[in-house]
Structures are given as C-alpha cells and as structure tokens.
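*Asks:* Per full-length UniProt numbering, residue 1 is the first one in the sequence shown, and the count goes up by one each step.
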Amino acid sequence: RKHKKNCYCLHEMISGLKQPTGLVHCGDGSQRLFILEKEGFVKIYTADGGLLKESFLDIHKQVQSGSKGGDERGLLSLTFHPKYKKNGKLYVSYTTNQERWAIGPHDHILRVVEYTVSRKNANQVDTRTAKVLIEVAELHRKHLGGQLLFGPDSFLYIFLGDGMITLDDMEEMDGLSDFTGSVLRIDVDTDSCNAPYAIPRSNPYFNSTNQPPEIFAHGLHNPGRCTVDQHLIDANGNLTILCSESNTWNKSSGRIIKITRGKDYEPPAVEFKSSSHSPLVGGFIYRGCQSRRLFGNYIFGDRNGQLMSLQQNPLNKLWQERALCLGSSATCKNSLGGHISGAVLGFGEDELGEVYVLANSKSVIQAHSGKLYKLVDPKRALVPEECKRSVQPPQPVASECSRHCRNGHCSPTGICCCSPGWEGEFCRVAKCDPVCRHGGVCVRPNMCLCKESYTGPQCEQVDRNIQRVARAAVCQQPRKDGNCNAPTGRWFFSVDTRQCEQFLYSGCQGKIQNLMTESDGAESRKTKSNNTDFKDRMQRASKQTITYAQ
C-alpha cells in the first residue's frame with residue numbers, strides 16, 4: 001500500500017467502557033475528562049491517567065435506555081456551567097419513563113435536569129440537588145437529539161430532534177411538545193427561585209404569542225452531535241454552531257448544518273455522502289495545541305470510523321471538506337495506532353482543546369468493549385512542552401451560598417433558594433403552620449419543640465404524663481399601715497412549698513428579714529429563715545416555669 005503523508009494517529013487512553021457516548025470537561029483547571037455511558041453513568045478520567053472507581057454521576061435508575069440498533073434512548077448529554085468552579089452546576093439530558101405528572105401520550109420523556117456537585121466531594125454529584133428544567137414527551141425512539149451546550153453568551157442551548165412525529169400524530173394527539181425539531185436557548189442564571197430559567201430577550205420569539213419564547217431556531221430533524229466554537233463570532237455577533245444530521249431515508253448521506261438565529265431552514269454547510277454507508281457523527285472545532293495543522297478545523301466522522309474535517313474559507317466563508325487520514329503502522333508507532341476498533345459513538349474535547357474519539361464494539365454481547373482514543377499528530381510529541389498546563393486539584397465549591405445554605409439549594413447566581421418549610425437568610429428559619437402554641441419553638445418544618453407539660457403538633461395539648469406544677473394561687477397582698485410601719489413586699493407562689501410566700505424587707509432600711517407563707521403572715525416574726533436558704537430557694541424557683549400573681 002502506498003505510504004500516506006500528513007496522516008494522524010490515535011492514542012488509546014481507556015478500554016473497558018460500556019457504550020460511551022460523550023466526553024466533556026468542566027473547565028476548572030483539573031483537566032479531568034467526564035465520560036458518559038449510555039445507561040446513566042458518568043465516569044472520571046483524571047489528569048494522571050486513572051479512571052476513578054466511583055461514578056461522578058449515577059442516575060441509571062432514572063434513565064431508560066435501549067440496546068437495539070437505532071434506539072437512541074439513554075443518557076444523552078452533559079455540559080458544565082461556565083462558572084462551574086464557583087457554583088458547581090452541571091446540566092444533564094436523558095430519557096426516562098418516570099413521569100412526574102400527566103404529560104400526555106408518549107413512549108418516554110426527554111428530560112433536562114440541573115445538578116450540583118457535592119459540597120464534600122468534588123468528584124461526585126449530589127443527586128438530591130436535581131432540578132428539572134424541561135420535559136418533552138416523545139412518541140418514538142429515534143430523532144431525539146438532546147445535546148446540551150453553553151455558548152460564549154453563557155446561555156444554555158438545547159438541541160431537539162423532530163422525534164419522527166408526523167402530521168397525523170400532531171392532529172390526533174394533544175400534549176405533544178412545541179419544542180420538537182428546534183434549538184432552545186434559555187438563561188439558567190436567573191435570580192428567581194420560582195422559575196427554573198429565564199428567556200433571553202434576544203431570542204427571536206421573545207414576545208411571540210405563536211411560538212414558545214425558548215425557541216432559538218427551527219428545522220432540525222435528526223441531529224447528531226452539535227458544537228459551538230467558543231472563539232469564532234462573526235461581525236454581527238452570531239455564534240458558529242455546527243450540528244451533524246443524518247437523513248432518515250438514506251443513512252449513507254447526511255449534512256453538517258450551521259445553526260442561525262430564527263431560521264426555519266438553513267442550507268447545510270456541506271452535504272456529505274459516506275462511502276461506507278454509515279450515519280454521520282458530529283464532533284468539535286479543534287482549538288488544541290498538539291495537532292497545530294488542525295487548528296480551526298471541524299473534526300467529525302461516521303459510525304464506521306472514517307474521520308473527516310471541515311475548514312472555513314476566510315474569504316467567502318464557505319466550508320470546505322478535507323479528508324483526515326489515519327496513518328499506517330509505519331506512521332503510527334509505539335503507543336499510537338491508525339485504526340478505530342468498533343463503531344464510532346461520539347467525539348470529545350478536553351480543557352486544552354484536544355479532540356477525542358469514543359468507540360464501542362458493534363456486538364451487543366460485548367458489554368464493556370468501549371474505548372477512548374486521542375487524536376494526535378505523529379510528527380509532534382504526545383504532549384509538547386508548549387502545550388503543557390499546570391493541573392489544579394479539584395476543590396469542592398466554596399462559595400458563601402454553598403457554605404451556609406443548608407435547607408435549600410443555591411442558584412447559579414449564588415442565591416439560597418429555600419426548600420418548602422424554610423425561610424429567612426440562608427433558609428435557617430423553620431416555618432410551622434399553624435404556629436406553635438404555649439411558647440413552643442418551630443425547629444423543623446411543621447415540627448414544634450414544646451415546653452415542659454405541653455405536647456401535640458402545635459403544643460396545643462396538656463401532657464397528662466408529666467406531673468403538673470400546681471396553678472399559681474392568687475396570693476393576698478399585705479396591707480400597709482402607715483409609712484414604713486409594716487413589712488413591704490409582694491406575695492408569689494413557691495414551687496417548692498406550693499404556698500404563697502413573701503420576700504420581706506423590714507422597715508425603711510430594706511434589710512432582708514424573712515421568707516414567710518401567707519398563712520403565717522400574722523406571725524411573721526415567729527418563723528424565720530436565714531439569708532442563704534432564701535437565695536437557694538429563689539435560684540431553684542427561677543429554673544422552673546412559674547406564674548407570678550399580680
């Protein structure tokens with residue numbers, strides 16, 4: 001075979017994955033790779049070359065996936081908030097049969113959910129923080145889409161296929177979503193705790209009464225993987241968003257389309273017909289360092305492992321297709337290879353802009369046959385010195401909201417949104433409805449801590465099992481016979497003696513003389529107690545709940 005020049009190689013990074021469908025990074029400097037597996041797992045591949053045993057995210061019990069050919073159900077996409085290092089937010093799309101309410105006729109539901117990373121473990125998601133953003137009823141298991149990504153404008157883009165819904169489906173069944181076949185754009189950085197997202201005012205249907213305001217563009221049918229160039233924005237402020245799309249009637253043909261705001265149909269960037277009769281798989285615009293010859297090229301391929309690239313002409317802005325050849329054993333030596341084992345399921349990108357290929361065995365029986373490859377230029381070192389970046393250890397989120405918001409969830413903007421039953425700053429004040437009675441304190445939502453001798457949900461009942469303190473007697477007050485001729489003081493009910501007693505001051509000097517009962521009031525000088533005894537009894541009485549007579 002004739003030796004090919006200027007070909008690229010593949011460096012096998014991981015094997016033993018189970019149907020890997022995507023790979024993303026979180027942009028926090030840790031250089032971790034997050035690998036999506038179709039059944040509902042997200043694995044972490046660390047910068048030192050290790051695959052963590054514990055999953056970053058495990059939602060396989062919520063995810064409904066299929067193993068038959070053409071069944072697109074499963075964990076569809078993952079993207080991280082642009083300020084993930086500060087707020088710990090990530091967004092996931094998946095299919096499920098666990099409906100939260102009656103959503104109309106459907107085979108399954110495509111759901112978009114916001115999660116927050118654990119406060120204690122930077123390598124694990126706290127699944128209790130799940131917040132559903134969007135749900136779409138799907139009648140069929142193909143043409144789903146589901147790709148999520150953030151643009152340079154910090155808005156979340158959601159790419160949805162047409163779900164193979166026909167006009168008959170739309171006429172015969174109510175409740176089908178108006179989102180199908182569209183690109184949605186929403187603002188998750190809302191300061192409202194009541195709405196899961198806001199609508200960007202620049203959306204084309206922001207003030208429309210005929211179209212959902214979330215819609216950014218129309219015309220998608222069977223979108224594969226989409227990508228947005230974080231660097232390239234045209235003179236009008238438009239983003240460069242590319243999606244692969246395979247034809248339903250002819251799997252050997254497809255197109256790469258450029259998404260444009262408000263357009264119902266946009267001519268494709270390029271029409272493509274696969275020589276291997278295989279569907280297209282969308283990729284990424286290369287912004288890495290190792291393969292400098294590919295800089296600015298859109299890297300994609302087909303299921304059978306044929307890789308291709310598109311490059312935009314700077315003059316006429318048209319995209320030109322170029323073959324991307326994989327080298328032979330003479331070119332790809334040592335740990336490098338020029339062959340993809342199995343079917344290509346997806347592409348990935350790391351923090352440095354390098355591109356990866358995800359593949360899996362075509363046999364359903366071989367469950368853990370997924371592999372991860374890195375696309376490299378064999379003419380350069382695997383990691384050239386000028387491409388190296390320092391690795392920052394992953395850290396738990398340390399924002400003020402994450403530290404103090406314990407009875408709610410933090411919004412992406414750092415607002416503590418209280419869970420039901422909590423209020424106040426950082427949601428620290430519990431609410432009880434009805435309110436606690438008889439001096440009870442609300443310590444948890446609708447849970448009162450009652451004072452001694454009271455019980456019940458609102459402390460409204462007398463606790464018969466506790467010996468009650470006798471009701472305070474109405475103590476008769478002494479008369480005053482002239483100026484300073486009689487002892488002065490007021491009667492109170494003593495818990496110790498269960499009698500009315502009086503703290504006496506003798507004469508005009510006000511010296512402590514006695515603590516006597518009402519029955520002995522007439523003979524106050526016959527029964528005396530010393531000063532120490534009085535103080536001890538008063539201290540004991542002050543520690544109990546007593547009612548003073550007026």
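In this text, a Cβ means the ideal position worked out from N, Cα and C, and glycines have one as well.
Can you give the Cα-Cα distance for G151 and Q230, rounded to whole angstroms?
*Replies:* Against the sequence shown, residue 151 aligns to sequence position 151. Against the sequence shown, residue 230 aligns to sequence position 230. Taking the straight line from one Cα to the other gives about 7 Å.
*Asks:* If we ignore side chains and look at the alpha-carbon of each, how far apart do V183 and C450 end up?
*Replies:* Walking along the sequence shown from the start, residue 183 turns up at place 183. Walking along the sequence shown from the start, residue 450 turns up at place 450. Approximately 55 Å, taken between the alpha carbons.
*Asks:* Output the boundary residues of the beta strand (DSSP E) element that contains K388.
*Replies:* As a position in the sequence shown, residue 388 is number 388, starting the count at 1. That residue, K388, is in no beta strand (DSSP E); it is neither H nor E in DSSP.
*Asks:* Tell me whether Y356 sits in a helix, a strand or coil according to DSSP, three-state version.
*Replies:* Locating residue 356 in the sequence shown gives position 356, where the first residue counts as 1. DSSP places Y356 in strand when its eight states are reduced to three.
*Asks:* Could I get the ranges of all uninterrupted alpha helix (DSSP H) runs contained in the segment 99 to 174, with 4 residues as the minimum, in chain order?
*Replies:* Fully enclosed alpha helix (DSSP H) runs of 4 or longer: 167 to 172.
*Asks:* DSSP on F295, reduced to helix/strand/coil?
*Replies:* Position 295 of the sequence shown, counted from the first residue, corresponds to residue 295. Coil.
*Asks:* How should P434 be labelled, buried or exposed, when 16 other C-beta atoms within 10 angstroms of its C-beta is the threshold for buried?
*Replies:* Within the sequence shown, residue 434 is the residue found at index 434, counting from 1. Classification of P434: exposed, given that the 10 Å Cβ count is below 16.
*Asks:* Okay, do the segment 416 to 426 and the segment 386 to 397 touch, 3+ Cβ pairs below 8 Å being the bar?
*Replies:* No: the two stretches stay apart, fewer than three of their Cβ pairs being nearer than 8 Å.
*Asks:* Within the 8 Å Cβ cut-off, does V92 reach chain C?
*Replies:* Within the model displayed, chain C is absent; a lone protein chain is all it includes.
*Asks:* Following the continuous beta strand (DSSP E) through L85, name the residue where it begins and the one where it ends.
*Replies:* Here residue 85 refers to the residue found at position 85 when the sequence shown is read from its first residue. A small fix is needed here, since residue 85 is Lys in this sequence, not Leu. Element bounds for K85: not the beta strand (DSSP E) but the alpha helix (DSSP H), Y84 to N87.
*Asks:* Which residue from L294, Q312 and G346 puts its Cα closest to that of C325?
*Replies:* Walking along the sequence shown from the start, residue 325 turns up at place 325. Ranking L294, Q312 and G346 by Cα distance to C325 puts L294 first.
*Asks:* Is the beta carbon of P268 sitting closer than 8 Å to the one on I257?
*Replies:* Along the sequence shown, one-based indexing puts residue 268 at 268. Along the sequence shown, one-based indexing puts residue 257 at 257. In contact: P268 and I257 (Cβ atoms closer than 8 Å).
*Asks:* Exposed or buried, which one is S30 when buried takes at least 16 other CB atoms within 10 Å?
*Replies:* Here the question's residue 30 lines up with position 30 in the sequence shown. Buried, since its Cβ has 16 or more Cβ neighbours within 10 Å.
*Asks:* Identify whether S402 lies in helix, strand or coil by the three-state DSSP scheme.
*Replies:* Numbered from 1 along the sequence shown, position 402 holds the residue referred to as residue 402. Here S402 sits in helix by DSSP.
*Asks:* Measure the beta-carbon distance from C442 to C459 and round it to whole angstroms, keeping in mind my assumption that it falls under 8 Å.
*Replies:* The sequence position of residue 442 within the sequence shown is 442, counting from 1. The sequence position of residue 459 within the sequence shown is 459, counting from 1. The pair is not a contact, with the Cβ atoms about 10 Å apart (cut-off 8 Å).
*Asks:* Buried or exposed: N238, going by 16 or more other Cβ atoms within 10 Å of its Cβ?
*Replies:* Residue 238 sits at position 238 when you count from the first residue of the sequence shown. It is exposed - the Cβ of N238 has fewer than 16 other Cβ atoms within 10 Å.
*Asks:* Short of 6 Å in beta carbon distance, which residues of its chain neighbour T95, apart from the five on each side in sequence? Order them along the chain.
*Replies:* In the sequence shown, counting from the first residue as 1, residue 95 sits at position 95. Taken in chain order, the residues that qualify are Q64, R73, H108 and L110.
*Asks:* Do S67 and S77 have their beta-carbon atoms positioned less than 8 Å apart in this structure?
*Replies:* As a working mapping, residue 77 is identified with position 77 in the sequence shown. As a working mapping, residue 67 is identified with position 67 in the sequence shown. Result no, Cβ atoms of S77 and S67 do not sit closer than 8 Å.
*Asks:* What residues in its chain sit with their C-beta under 7 Å from that of E351, if we drop five residues either side in the sequence?
*Replies:* To locate residue 351, count along the sequence shown from 1; it is residue 351. Hits under 7 Å: H25, G27 and Q31.
*Asks:* Can you grab the Cα-Cα spacing for the pair S15 / K333, in whole Å?
*Replies:* Here residue 15 corresponds to residue number 15 of the sequence shown, with the count starting at 1. Here residue 333 corresponds to residue number 333 of the sequence shown, with the count starting at 1. So the alpha carbons of these two residues sit roughly 19 Å apart.
*Asks:* Could you say which of G49, I59 and D48 lies nearest to V42 if we only look at CA atoms?
*Replies:* Here residue 42 refers to the residue found at position 42 of the sequence shown. Comparing Cα-Cα distances from V42 to each of G49, I59 and D48, the minimum goes to I59.
*Asks:* State the DSSP-derived secondary structure class of K511, mapped to helix, strand or coil.
*Replies:* Position 511 of the sequence shown, counting from 1, holds the residue named residue 511. Because the pLDDT of K511 is 48, which lies under 50, any placement of that residue in the model is unreliable, and the number read from its coordinates should be weighed accordingly. It is a strand residue.
*Asks:* Count the other C-beta atoms from every protein chain shown that fall within 10 angstroms of the C-beta of E38, then say buried if there are 16 or more, exposed otherwise.
*Replies:* As a working mapping, residue 38 is identified with position 38 in the sequence shown. Looking at the sequence itself, residue 38 is Lys, so the reference to Glu does not match. Buried, because 16 or more other Cβ atoms sit within 10 Å of the Cβ of K38.
*Asks:* Pick helix, strand or coil for C416, following the three-state DSSP scheme.
*Replies:* Numbered from 1 along the sequence shown, position 416 holds the residue referred to as residue 416. Three-state result, C416: strand.
*Asks:* By alpha-carbon positions, which one of K431, R185, C193 and V462 ends up nearest to F206?
*Replies:* Stepping through the sequence shown from its first residue, residue 206 is reached at position 206. The candidate whose alpha carbon is nearest that of F206 is R185.
*Asks:* What is the C-beta distance between P314 and N87, in whole angstroms, given that I count them as a contact (C-beta under 8 Å)?
*Replies:* Within the sequence shown, the letter at position 314 stands for residue 314. Within the sequence shown, the letter at position 87 stands for residue 87. P314 to N87, Cβ: 37 Å. No contact.
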